[in-house]
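Chemist:
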């Protein structure tokens, strides 16, 4: 991380001469700004269809993560995309989003995006120059049936792109297609081959599983299937009769581990032993594992619970365990008749198995690579030091990289092509379950980039075509097959015009819905597998487990300022990563929090600061990928440690044995929430109830029955009383609500220097409370927006009445009255107010966030706050105002308003409604026996209240707190 110091642009003026110089420049600039523009301004002669100035328009499209689709609605105002929300018709999003989808809008306007074609010697070039340079190598490759031509992509689920690649490989049958996905599922895929004899994809159904064992798996954590899995998990747990029980064994805390009813912190070799012990309890007959007595007792309790819930029990295994352990999980699930769907992988071409990076490295070493095209992936960063692709790529006679940024791989190839963002081009994608959806652009490419389909078309023999034509052609072929099967040849010949009209109708409906109806992969039936043979036991020694970063994923989002400043769900770290160690492991090695250590394994090494965390197993450290980049951009360069330096070609997720040595230096581990131990207070601040005690629980009020010196509340004079209820039992701490609020409300980024000073601007935070011990965590997530108190402590202390209530129960902040006294912040017991110490969004932005493209993302319905102004959650008052205006225009009552955080939540943990409307859902939740208010004893009477977290511990197994 860069050294902590005052931002250079905020340094005070050092002399009177400088001040006068700037004053004179400002006067001249103002005078110039008053002159007429030199360009001719032409108004609309014919207004585009359905486009009204200032009125948001929604378009259904899809965004990819790891190659898989999540359906979204992209919101544009006056042609500017400004917000992403979930598509309720899409099975992978179900109307919700994740942090990556929400932050995609900022990636669109990233000033560091590639703006032109470049050549490594001459610099700036053009598309025409590249096509001329490509012609020779491509002609030579075609003359040899493609021998020497290599294509490298990430995971491809786009039917159009798969069709293009298949066509390319048919024209050049000796060409080689390589696939490299940094966060891969190689062990899971090999596990299905061992279990079923072929590569398949197994989809767990958490909505139907009542007893779940996760061994190193984090289904509620980040990933392309997070929304579907979290939604199903929360949906089932809303019913106390189907609440079930979640067991977790893992190296360090995950979002799934936080929600566990019973959890064990185990290193990877002990996780494998636990899985084998469970299988043996079900009759596998495998050699007895080398497991401790505590692990064996845990396995017995889990196996008994799984067996008692046959048909509703499920075992999931994480990516770090060996393929044999994945195959063993399939055997267990077959014995349990587990609720899983088995489908064919949606990222395959019939008859063609793509090669990997190791094969590409061997081809480069042999000198046989005449042409290399790398499309939308960054193997120089993610391939690891063993492959050293940064130097090997130079051995190719001709190489080209297409990507949205000039990243590490772009610096190693001869040519770099600017790739269009997914909101700028036409495409299609499949979700994890095979459902296809269309990707449609909301805006023309900002920097003259081209879509991946248009770039792949350059390598084919047919003339260049637009992405729209290529995608439409794919689906016309697919649709025509169904059309011909449905209608007889005689009927079709009698109505030749009907086919074109029917396809056009189907096409427009698919674009409108964002989903290709009936395109999900068919589930298949497989034979029950036999118990597999077990791999050799993992070697002894300290182990480092690598994981995708919950905010940066595999590093592709490193230059996104929203995600760099988004707190990681467990550690709450921002702007970097750290090696998570248990207290015991840190003490044995003589290191503490913030100490920089060197991790070394087989000649590979990296230096990283230590973070001492609860819930980490002894003998293991956990480090996330995606940080420490050299060519991410102005935001991501040099932030954190590059964990890819520990990756080997043999194993991506576990590094062992690892030598850990202190360097004698310290580094900053920036967090937005520090570890504070307050005896006896956790139970009051974060209510948790065991499922067995739910029948006798009573709802807690908001303090309205307590005596008060303040007059009784009479503020809902306008006929509405807005309120929010948050179900902590459903919250998985994913931060989708945090980034959604930031996107909707123009919440600025402050940067690492300001975070180090304890300043952040998020209107919504997710607190993590732990009622257990560092060894036996009993924790939960609690989102904390503004409480909108009826007796708001912030209001009477404001000297200028900037903090006031309106007639609908909202606690408002009047920006143009605020003088920055910060009395309201000091008097707020919930600490949800944020002060603009600098013009974070108004002239003193961090890094390059003052660039012109960034301004296009801002929501025009929300004021951009200036320096010296206090701000906070407003319950998305702009959305309330929009609905009120619509109701007045249409002569109807106001409908429900959906806040940004509410719309983003994958588990529907947030409910917002009008208490004055009969039958509103918030009133019903306030009568729930789990209801409580935060700091109820202060008698602030908050409008934001909570439902307690529920746990279902196994009465036959007592948690081990040692």
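In my numbering, the protein residues as written are 17 to 978. Even glycine gets a Cβ: it sits at the ideal position worked out from N, Cα and C.
1. Which partner residues does residue 230 have in the DSSP bridge list?
2. By a C-beta neighbour count over all protein chains shown, 10 Å radius and 16 as the cutoff for buried, is residue 139 buried or exposed?
3. What do you reckon, are the CB atoms on residue 174 and residue 454 nearer than 8 Å?
4. Going by Cα to Cα distance, which pick from 664, 314 and 827 is closest to residue 198?
5. Grab me the residues of residue 252's own chain with a C-beta within less than 8 Å of its C-beta, minus the 5 sequence neighbours each way, in chain order.
6. With a threshold of 16 other CB atoms inside 10 Å of the CB of residue 118, please say whether the residue is buried or exposed.
7. Rounding to the nearest angstrom, what Cα-Cα distance links residue 936 and residue 109 in this structure?
8. Would you mind working out which of 391, 558 and 300 sits nearest residue 422, comparing C-alpha positions?
9. Starting from the C-beta of residue 279, find all residues in its chain whose C-beta is less than 7 Å away, skip the five residues before and the five after it, and write them out in chain order.
10. Going by DSSP in three states, residue 738 sits in which element: helix, strand or coil?
11. Nearest to residue 736 by alpha carbon, out of 133, 896, 354 and 459?
12. With a 10 Å radius around its C-beta and 16 neighbouring C-beta atoms as the bar for buried, classify residue 588 as buried or exposed.
13. Measure the C-alpha to C-alpha separation of residue 134 and residue 312 and round it to an integer number of angstroms.
14. If we ignore side chains and look at the alpha-carbon of each, how far apart do residue 563 and residue 473 end up?
15. Please confirm whether residue 916 and residue 892 have their CB atoms less than 8 Å apart.
16. For residue 922, which residues of its own chain have a beta-carbon under 6 Å away from its beta-carbon, when the five flanking residues on both sides are left out?
17. I need the straight-line Cα distance from residue 908 to residue 327, nearest angstrom please.
18. Measuring straight from C-alpha to C-alpha, what distance separates residue 966 and residue 350?
19. How should residue 726 be labelled, buried or exposed, when 16 other C-beta atoms within 10 angstroms of its C-beta is the threshold for buried?
20. How big is the Cα-Cα spacing for residue 637 and residue 561?
21. How about residue 650 and residue 128: do their beta carbons lie closer than 8 Å?
22. Where does residue 49 land, buried or exposed, given buried means 16+ other C-beta within 10 angstroms?
23. Have a look at residue 52 and residue 868 and give me their C-alpha separation to the nearest angstrom.
24. So residue 84 is in the alpha helix (DSSP H); what residue range does that whole segment cover?
25. Closer than 8 Å by C-beta to residue 548: which residues in its own chain qualify, once you throw out the five before and the five after it? Chain order, please.
26. Alpha carbons only, please: which of 609, 806 and 939 is nearest the one belonging to residue 957?
27. If I'm right that residue 475 touches residue 184 with Cβ under 8 Å, what's the distance once you round it to whole angstroms?
28. With H, G and I counted as helix, E and B as strand and the rest as coil, what does DSSP make of residue 669?
29. Looking at the secondary structure, which residues open and close the beta strand (DSSP E) in which residue 928 lies?
30. In whole angstroms, what separates the C-alpha of residue 968 from that of residue 706?
31. What do you get for residue 743, buried or exposed, if any count of 16 or more other CB atoms within 10 angstroms of its CB means buried?
32. Using three-state DSSP, classify residue 491 as helix, strand or coil.
33. I'd like to check one pair, residue 622 with residue 662: are the Cβ atoms closer than 8 Å?
34. Go to residue 398, then tell me how far its alpha helix (DSSP H) extends in each direction, as first and last residue.
35. Using the C-alpha atoms, what's the distance from residue 281 back to residue 262?
36. Measure the beta-carbon distance from residue 361 to residue 217 and round it to whole angstroms, keeping in mind my assumption that it falls under 8 Å.
Modeler: Let me lay it out:
1. Bridge partners of residue 230 according to DSSP: 264 and 332.
2. Classification of residue 139: exposed, given that the 10 Å Cβ count is below 16.
3. Their beta carbons are not under 8 Å apart, which means residue 174 does not touch residue 454 by this criterion.
4. Of the candidates 664, 314 and 827, the one whose C-alpha sits nearest the C-alpha of residue 198 is 664.
5. Result list for residue 252: 222, 223, 224, 225, 226, 258, 259 and 260, in chain order.
6. Classification for residue 118: buried.
7. Between residue 936 and residue 109, the C-alpha separation is close to 25 Å.
8. Each of 391, 558 and 300 was checked against the Cα of residue 422, and the nearest Cα belongs to 391.
9. Taking residue 279 as the centre and dropping the five residues before and after it, the same chain places the C-beta of 264, 273 and 793 closer than 7 Å to its C-beta, in chain order.
10. In this structure, residue 738 counts as strand in the three-state DSSP scheme.
11. Relative to the Cα of residue 736, the nearest Cα in the group 133, 896, 354 and 459 belongs to 896.
12. Buried, by the Cβ-count rule.
13. Those two C-alpha atoms are separated by around 60 Å.
14. Approximately 35 Å, taken between the alpha carbons.
15. Contact flag set, yes.
16. Result list for residue 922: 112, 243, 246 and 247, in chain order.
17. The straight-line gap from Cα to Cα measures roughly 49 Å.
18. Using only the alpha carbons, I get a separation of about 30 Å.
19. Taking every protein chain shown into account, the CB of residue 726 has fewer than 16 other CB atoms within 10 angstroms, so this residue is exposed.
20. Pairing residue 637 with residue 561, the inter-Cα distance amounts to about 6 Å.
21. A contact, by the Cβ cut-off of 8 Å.
22. The predicted model places residue 49 with a pLDDT of 40, which falls under 50 and marks its position as unreliable; any figure quoted below should be read in that light. Exposed is the call here.
23. Its pLDDT being 42, under 50, residue 52 is placed unreliably in this model, and the value from its coordinates should be taken loosely. Roughly 21 Å between the two C-alpha positions.
24. Annotation: residue 84 is outside any alpha helix (DSSP H); the continuous beta strand (DSSP E) that includes it extends over 84-93.
25. Here the set comprises 210, 211, 340, 343, 344 and 347.
26. For residue 957, the nearest C-alpha among the options comes from 806.
27. Under the criterion of beta carbons closer than 8 Å, residue 475 and residue 184 qualify as touching, at roughly 6 Å.
28. Residue state, collapsed to three classes: coil.
29. DSSP places residue 928 in the uninterrupted beta strand (DSSP E) bounded by 926-930.
30. Going from the Cα of residue 968 to the Cα of residue 706 covers about 6 Å.
31. It is buried - the Cβ of residue 743 has at least 16 other Cβ atoms within 10 Å.
32. Reduced to three states, the DSSP call for residue 491 is helix.
33. Cβ distance < 8 Å, so residue 662 and residue 622 count as in contact.
34. According to the DSSP assignment, residue 398 belongs to the alpha helix (DSSP H) that extends over 395-398.
35. If I take the Cα positions, the gap works out to 14 Å.
36. Their Cβ separation, rounded to whole angstroms, is 5 Å, which keeps residue 361 and residue 217 in contact under 8 Å.
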